[in-house]
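Below is one structure, written out as structure tokens, with a few remarks after it.
Numbering (our numbering), first residue to last: 11 to 186.
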């Protein structure tokens, strides 16, 4: 995928999000623009609703009604295709200039997942490589992939102490 591809936010008429997504996806194929527009996404969330008689049902609903996310390389041609799609009122930005989402915003929205490979598992011995406990050794007690954090049990002053650290603050140690 090209390095120039960025995520943009489209403003649509409320209730037209799915139609806009379908129309853009068809236009991409018809105009052979797969090298400019890569993905169209409507952020959804699963919600459990409690109705009459305490009955629960799980439903999917739009996180941002009236908005569609699109990953594309912004050119005059791609801008025109998207902007002239029925139901699209415009890009989120200033005047006629589309402003891409930042890397942090994309991760916070959850439209792109990053695969994280961790070099240790529960019970592994690790060395703290950064921070106030640099040089200490400990055992991995808990791994929180979604927060990029690891809990390590470190022995300090004869006591076992749990310490929360970022993944890049520890490294795996070969056991003797």
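All C-beta atoms in this analysis are idealised placements derived from N, C-alpha and C, irrespective of residue type, glycine included.
Give me whichever residues DSSP pairs with residue i in a beta bridge.
i, result
"residue 149", "135, 163"
"residue 25", "Looking at the DSSP assignment, residue 25 forms no beta bridge with any residue, so it has no partner."
"residue 68", "58"
"residue 103", "108"
With a threshold of 8 Å between beta-carbons, can residue i be considered close to chain D, or not?
i, result
"residue 89", "As a matter of chain content, chain D is missing from the structure shown, which is built from one protein chain."
Exposed or buried, residue i, counting other C-beta atoms within 10 Å across all chains shown (16 or more means buried)?
i, result
"residue 61", "exposed"
"residue 27", "buried"
"residue 97", "buried"
"residue 179", "buried"
Just curious, the alpha helix (DSSP H) that residue i is in, first and last residue?
i, result
"residue 156", "From DSSP, residue 156 is part of no alpha helix (DSSP H); its letter is neither H nor E."
"residue 115", "113 to 119"
Terminal residues of the continuous beta strand (DSSP E) containing residue i?
i, result
"residue 85", "Neither: residue 85 is in no beta strand (DSSP E) and is coded neither H nor E."
"residue 51", "47 to 51"
"residue 174", "169 to 176"
"residue 181", "180 to 182"
On the premise that residue j lies in contact with residue i, defined as a C-beta separation below 8 Å, what is that separation, rounded to the nearest angstrom?
i, j, result
"residue 182", "residue 134", "6 Å"
Is the segment 64 to 84 close to the segment 17 to 33, with three or more CB pairs under 8 Å?
-> yes
Okay, do the segment 41 to 52 and the segment 103 to 113 touch, 3+ Cβ pairs below 8 Å being the bar?
-> no
Examine the Cβ distances between the segment 25 to 40 and the segment 90 to 98 and report whether three or more of them are shorter than 8 Å.
-> yes
Evaluate contact between the segment 133 to 149 and the segment 164 to 184, counting only Cβ atoms and requiring at least three cross-stretch pairs below 8 Å.
-> yes
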